[in-house]
Structures are given as C-alpha cells and as structure tokens.
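Q:
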Amino acid sequence: MQTRALAESDDYRRDHCAVEADKELKRYPTTLSAPPFVQREHRFAEAGQMKYRNDGLEPGDHAFIERLVRDVPGLAGELNKQRRDCGPEVLPYVFLGGYAWPWFLRCFRSDNSADRAAALSYIDALERELGTEDNDTRNLILIEFIEWLENPGYDDVRAVLPPHLRRKLGMA
3 MQTRALAESD DYRRDHCAVE ADKELKRYPT TLSAPPFVQR EHRFAEAGQM KYRNDGLEPG
63 DHAFIERLVR DVPGLAGELN KQRRDCGPEV LPYVFLGGYA WPWFLRCFRS DNSADRAAAL
123 SYIDALEREL GTEDNDTRNL ILIEFIEWLE NPGYDDVRAV LPPHLRRKLG MA
C-alpha cells in the first residue's frame, strides 16, 4: 500500500515538474504539440477550473523558497529531491506543490513530535509571509497551499491555521 502511494506521489511530481501551464505552453509552437500534461493544465486554466492562476514567477518567489528552506527543518531535503528530479533550477510552484505539500502533510499527520513541529513551523512561515502583504509570494501560497486545503479531507489542517491563512481560505 505504501508503495502505491509512493508511485502516485512520483507520478504527480513528474507531472507537476513539467507543468506550470502557460510558461510551459510557450515552449511549443501549438498547444497540440505540447505534452499531454501541459495540454491538460492549459485546458483547466482556459475552462476557469483553476481558482488562482500561475502566470509566471514573481521576483520574490525564489527568495521566499530560500527563506522557507532555511527556516523550516526538513525542507532542504525536499528541495534536493526537486533538483534531482527537475534539474538544478529552483521551481517555486513545483517545489511547494509537488514536494513541500506532501512533505508537510506527512509531517503534520505524523506521531513523531519533531515531524509535527516541522509541519507547524511550515504553517508559521507561510503565515508570516502572508502577513508581509508581499504580492510576489501571495499567489504562490494561494495556489500551492490554500488551494489544497479547499478540498475535503483536510479538516485537521484547517483547524490549526493562524489568522492570515484562515482568511485566505475564507474561514475568517
């Protein structure tokens, strides 16, 4: 069972590494010449099924990822995995959605107190960043953290969110 979850996670990471819809689509002369997962993301965006759009990187995204990896125990290993899987460039959306999110959820739901503390540290770091009102990183957090929490099955996470994250989720 754990092997299946890992395979699903690896499949998700491969898709997520290559996606970033509009950015990726620009590499191809036509939408139809793009790989299937890029076409799928483009269709979602055009159909309005993506609540927040990733229209490209903001200048502060890389600096935020550097701070996050520095301040949150355990995230450096996840960044190393992203670099191994996707190349040396830091891909903020890929990192937060494909690596940090599964890591966070695993740690948050762990019985290990150090893992749980690392997950809470991650939440605190996202809260601090939203508190700065930095437009550069707001979209990154909305897409790769808040949007996940809008799905069922995350009541345990929603219950511990601090004020800024709660407001962004519509839980004022």
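Using the numbering used here, you'd call the opening residue of the sequence shown number 3 and step up by one each time. Every residue gets a Cβ at the ideal spot worked out from N, C-alpha and C, and that includes glycine. For clarity, every value in this text was computed on a predicted model and none was experimentally measured.
#1: Decide if D63 is buried, meaning its Cβ has at least 16 other Cβ atoms within 10 Å, or exposed.
#2: Can you tell me the Cα-Cα spacing of E135 and I143, whole angstroms?
#3: What is the rounded straight-line gap between the Cα of E26 and the Cα of R160?
#4: Can you give the Cα-Cα distance for W68 and E129, rounded to whole angstroms?
#5: Within 10 Å of its beta-carbon, does V162 have 16 or more other beta-carbons around it, so buried, or fewer, so exposed?
#6: Would you mind listing the alpha helix (DSSP H) stretches within the segment 125-150 that are 4+ residues and don't spill past its ends, in chain order?
#7: Please list the terminal residues of the continuous alpha helix (DSSP H) segment that includes L107.
#8: Quick one: measure Cβ to Cβ for L171 and I148, integer angstroms, because I've assumed they're closer than 8 angstroms.
#9: Here's the rule I'm using: 16 or more other beta-carbon atoms within 10 Å means buried, otherwise exposed. How should E152 be labelled?
#10: Can you give the beta carbon distance from Q84 to F97, rounded, assuming they're within the 8 angstroms contact cut?
#11: With H, G and I counted as helix, E and B as strand and the rest as coil, what does DSSP make of R169?
#12: When DSSP labels each residue in this structure, what does D113 get in the three-state scheme?
#13: Shortest alpha-carbon distance to V74 belongs to which of P164, W105 and H166?
A: So, from the data block:
#1: Indexing the sequence shown from 1 puts residue 63 at position 61. Buried, by the Cβ-count rule.
#2: Locating residue 135 in the sequence shown gives position 133, where the first residue counts as 1. Locating residue 143 in the sequence shown gives position 141, where the first residue counts as 1. When rounded, the distance between both Cα atoms is 12 angstroms.
#3: Numbered from its first residue, the sequence shown carries residue 26 at position 24. Numbered from its first residue, the sequence shown carries residue 160 at position 158. Any reading at E26 needs caution, since the residue's pLDDT is 47, under 50, leaving its predicted position unreliable; the model's value is listed next. Straight-line Cα distance between these residues: approximately 32 angstroms.
#4: Position 66 of the sequence shown, counting from 1, holds the residue named residue 68. Position 127 of the sequence shown, counting from 1, holds the residue named residue 129. Looking at the sequence itself, residue 68 is Glu, so the reference to Trp does not match. Distance between the alpha carbons of E68 and E129: 16 angstroms.
#5: Translated into positions along the sequence shown, residue 162 becomes position 160. Label assigned to V162: exposed.
#6: 137-143
#7: What you label residue 107 is simply residue 105 of the sequence shown in a count that begins at 1. Note, L107: alpha helix (DSSP H), W103 to F110.
#8: Locating residue 171 in the sequence shown gives position 169, counting from the first residue. Locating residue 148 in the sequence shown gives position 146, counting from the first residue. Between I148 and L171 the Cβ distance is about 6 angstroms, and since that is below 8 angstroms, they are a contact.
#9: By one-based count along the sequence shown, residue 152 stands at place 150. Looking at its Cβ environment, which holds fewer than 16 other Cβ atoms inside 10 Å, E152 is exposed.
#10: Taking the sequence shown and counting its residues from 1, one reaches residue 84 at position 82. Taking the sequence shown and counting its residues from 1, one reaches residue 97 at position 95. With 8 angstroms as the limit, Q84 and F97 qualify as a contact, their Cβ atoms being about 5 angstroms apart.
#11: For the purposes of this step, residue 169 is taken as residue 167 along the sequence shown, with counting starting at 1. Helix at R169.
#12: Counted from its first residue, the sequence shown places residue 113 at position 111. Correct three-state label for D113: coil.
#13: Locating residue 74 in the sequence shown gives position 72, where the first residue counts as 1. Out of P164, W105 and H166, W105 has the C-alpha closest to the C-alpha of V74.
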